[in-house]
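Participant: Residue numbering for the sequence shown is 46 to 393, as defined by the working numbering. For each residue, glycine too, the CB sits at the ideal point set by N, CA and C.
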Amino acid sequence: MNPYVLMILLSSLGLGTTLTFASSHWLLAWMGLEINTLAITPLMAQHHHPRAVEATTKYFLTQATAAAMILFASTTNAWMTGEWNITDLSDPLANTMFMTALALKIGLAPMHFWMPEVMQGLDLLTGLILSTWQKLAPFALIIQTAQNIDPLLLTLLGVTSTLVGGWGGLNQTQLRKILAYSSIAHMGWMIIVIQYAPQLTLIALGTYIVMTSAAFLTLKMSLTTKLSTLATTWSKNPILTATTALVLLSLGGLPPLTGFMPKWLILQELTKQDLPIIATIMALAALISLYFYLRLCYAMTLTISPNTTNSTTPWRTQTTQTSMPLALFTMATLGLLPMTPTILMLAT
Numbered sequence: 046m047n048p049y050v051l052m053i054l055l056s057s058l059g060l061g062t063t064l065t066f067a068s069s070h071w072l073l074a075w076m077g078l079e080i081n082t083l084a085i086t087p088l089m090a091q092h093h094h095p096r097a098v099e100a101t102t103k104y105f106l107t108q109a110t111a112a113a114m115i116l117f118a119s120t121t122n123a124w125m126t127g128e129w130n131i132t133d134l135s136d137p138l139a140n141t142m143f144m145t146a147l148a149l150k151i152g153l154a155p156m157h158f159w160m161p162e163v164m165q166g167l168d169l170l171t172g173l174i175l176s177t178w179q180k181l182a183p184f185a186l187i188i189q190t191a192q193n194i195d196p197l198l199l200t201l202l203g204v205t206s207t208l209v210g211g212w213g214g215l216n217q218t219q220l221r222k223i224l225a226y227s228s229i230a231h232m233g234w235m236i237i238v239i240q241y242a243p244q245l246t247l248i249a250l251g252t253y254i255v256m257t258s259a260a261f262l263t264l265k266m267s268l269t270t271k272l273s274t275l276a277t278t279w280s281k282n283p284i285l286t287a288t289t290a291l292v293l294l295s296l297g298g299l300p301p302l303t304g305f306m307p308k309w310l311i312l313q314e315l316t317k318q319d320l321p322i323i324a325t326i327m328a329l330a331a332l333i334s335l336y337f338y339l340r341l342c343y344a345m346t347l348t349i350s351p352n353t354t355n356s357t358t359p360w361r362t363q364t365t366q367t368s369m370p371l372a373l374f375t376m377a378t379l380g381l382l383p384m385t386p387t388i389l390m391l392a393t
């Protein structure tokens with residue numbers, strides 16, 4: 046892709062998200078979301094592969110549907126209350142419609158069906174943008190309106206997403222689909238606590254972005270998109286394989302790693318709010334997710350792949366990829382747990 050075109054598209058991505066962050070009027074927020082969608086569409090279709098084009102079409106249709114619903118919800122709210130301010134979302138019908146539209150935008154279950162299919166058709170860097178940057182603008186709107194939305198709806202979306210995210214990833218062999226289901230499960234954790242402690246949602250979103258970036262950049266570095274190819278990476282780059290296993294365990298939420306922090310804080314908050322049953326369901330759903338991360342770790346580090354793969358085997362040639370972002374994200378993914386009190390203090 047032409048670097049000037051790429052610069053314009055990435056600037057538009059930044060502009061769309063910033064516009065939604067800064068807006069207090071519904072139309073401006075909607076405009077930011079639309080700029081975001083239109084900017085990422087050419088990035089998704091840049092490889093001119095039928096799967097990439099199919100993924101782009103699916104993504105565009107779902108995002109356009111969600112945007113239309115947001116516009117309809119805000120117009121309904123303005124009609125009923127005479128207010129266009131984002132924080133004054135008081136009409137119950139508009140509330141529910143708005144939350145459904147944003148759930149469709151970020152891929153919360155049961156509106157998640159587009160997410161794995163779209164992710165499978167993209168290259169790893171565009172998939173990284175889709176799983177991290179594209180979540181920011183809708184989350185800004187959800188955080189602003191969470192206090193007006195029905196708590197039962199938020200709880201249902203959160204629990205369903207964590208269960209579907211764990212269950213859906215169990216039988217997958219494609220790494221991009223596994224990361225898509227991982228994204229759905231993490232979104233569920235963020236939504237479940239948003240009505241009680243929005244600052245914990247921000248902490249969970251931050252740690253999720255760091256861990257997912259580390260996972261995607263690792264796969265990009267080792268040129269891997271399938272489980273069978275992942276099993277052959279240990280001989281080419283043993284150190285990267287070891288850190289990848291730890292990054293995956295951090296995504297699963299194991300204690301000495303960064304990924305444990307948001308899960309621990311969220312479960313603590315749910316218990317404080319006198320919701321032990323929901324906290325138990327969430328913890329059990331996290332175990333389902335942990336199983337498929339352990340499966341990836343097992344395939345990577347504990348087995349020597351006996352079968353021949355259909356993909357071209359990359360030899361130990363000097364890579365031209367920059368490894369600094371990968372190193373920084375991996376360090377953050379593995380070592381931020383001791384910083385929990387500081388992060389909590391900064392967030393509140």
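Rounded to whole angstroms, what is the Cα-Cα separation between Ala394 and Ile349?
Facilitator: Limits of the chain in this structure are 46 at one end and 393 at the other, which puts residue 394 out of reach.
Participant: Let's see if you can read the secondary structure: which residues bound the alpha helix (DSSP H) around Tyr211?
Facilitator: At residue 211 the sequence reads Gly, which differs from the Tyr that was named. Where Gly211 is concerned, the enclosing alpha helix (DSSP H) stretches over 196–213.
Participant: Do Gln244 and Thr393 come within 7 angstroms of each other at the CB atom, strictly closer than that value?
Facilitator: Yes, these two residues count as a Cβ contact at 7 angstroms.
Participant: Which of the three DSSP states is assigned to Lys317 in this structure?
Facilitator: In the structure shown, Lys317 sits in a helix (DSSP, three-state: H, G or I).
Participant: Just to confirm the assignment, what range does the alpha helix (DSSP H) spanning Ala372 have?
Facilitator: 369–380 is the extent of the alpha helix (DSSP H) around Ala372.
Participant: Could you check the C-alpha separation between Asn161 and Ala344 for me, to the nearest Å?
Facilitator: Going by the sequence as given, residue 161 is Pro instead of Asn. Computed Cα separation, rounded: 21 angstroms.
Participant: Which of helix, strand or coil does DSSP assign to Asn130?
Facilitator: Three-state result, Asn130: strand.
Participant: In chain order, what residues of the same chain have a beta carbon less than 7 angstroms from the beta carbon of Pro87, not counting five sequence neighbours either side?
Facilitator: Closer than 7 angstroms at Cβ, skipping near neighbours: Leu54.
Participant: Look at the alpha carbon of Ser267 and the alpha carbon of Asn122, and state the distance between them as a whole number of angstroms.
Facilitator: Approximately 49 angstroms, taken between the alpha carbons.
Participant: Express the C-alpha separation of Leu272 and Ser69 in angstroms, rounding to a whole number.
Facilitator: C-alpha separation (whole angstroms): 45 angstroms.
Participant: Which residues mark the beginning and the end of the alpha helix (DSSP H) in which Ile248 is found?
Facilitator: Segment 243–266, the alpha helix (DSSP H) holding Ile248.
Participant: With H, G and I counted as helix, E and B as strand and the rest as coil, what does DSSP make of Lys180?
Facilitator: The answer is helix: DSSP assigns Lys180 an H, G or I state.
Participant: Below 7 angstroms CB to CB, which residues in the same chain sit around Thr65 once its five sequence neighbours on both sides are set aside?
Facilitator: Ala74, Gly77, Leu78, Ala182, Ala185, Leu186, listed in sequence order.
Participant: Alpha carbon to alpha carbon, what distance is there between Gln192 and Leu169?
Facilitator: C-alpha separation (whole angstroms): 36 angstroms.
Participant: With distance defined between alpha-carbon atoms, name the residue in Ile188, Gly213, Ala100 nearest to Pro155.
Facilitator: Here the closest residue by C-alpha is Gly213.
Participant: Per DSSP, Gln217 is paired with what?
Facilitator: Beta-bridge pairing links Gln217 to no other residue.
Participant: Pull the bridge partners of His157 from the DSSP assignment, please.
Facilitator: Its beta-bridge partners do not exist; DSSP assigns none.
Participant: List the endpoints of the continuous alpha helix (DSSP H) containing Pro386.
Facilitator: Unbroken alpha helix (DSSP H) run through Pro386: 385–392.
Participant: Whole angstroms are fine: how far does the CA of Leu60 sit from the CA of Leu285?
Facilitator: Roughly 35 angstroms between the two C-alpha positions.
Participant: Do you know offhand how far Asn282's Cα is from Leu83's?
Facilitator: Taking the straight line joining both Cα atoms gives about 38 angstroms.
Participant: What three-state label does DSSP hand His70 in the structure shown?
Facilitator: Looking at His70 - three-state DSSP - the assignment turns out to be strand.
Participant: Take Leu215 as the anchor and find which of Gly380, Leu335, Asn47, His94 has the nearest alpha-carbon.
Facilitator: Comparing Cα positions, the closest option is Leu335.
Participant: Are the segment 226–242 and the segment 197–212 touching, with three or more C-beta to C-beta distances below 8 angstroms?
Facilitator: The segment 226–242 is in contact with the segment 197–212.
Participant: Give me the Cα-Cα distance between Ile115 and Ser280, rounded to the nearest whole angstrom.
Facilitator: Between Ile115 and Ser280, the C-alpha separation is close to 50 angstroms.
Participant: Among Ser228, Gly211, Asp195, Ala276, which one has its Cα closest to the Cα of Leu134?
Facilitator: Nearest C-alpha to Leu134: Asp195.
Participant: Suppose the cutoff is 7 angstroms on Cβ atoms and the five residues either side in sequence are ignored; what does the same chain contact list for Lys222 look like?
Facilitator: For Lys222, where only same-chain residues beyond five positions count, the Cβ hits under 7 angstroms are Pro161, Met164, Gln165.
Participant: For Thr141, collect the residues of the same chain with a Cβ closer than 7 angstroms to its Cβ; drop the 5 residues on either side in sequence, then sort them by chain order.
Facilitator: The residues are Asp195, Leu198.
Participant: To the nearest angstrom, how far is the alpha carbon of Thr288 from that of Leu315?
Facilitator: Cα to Cα, Thr288 sits roughly 32 angstroms from Leu315.
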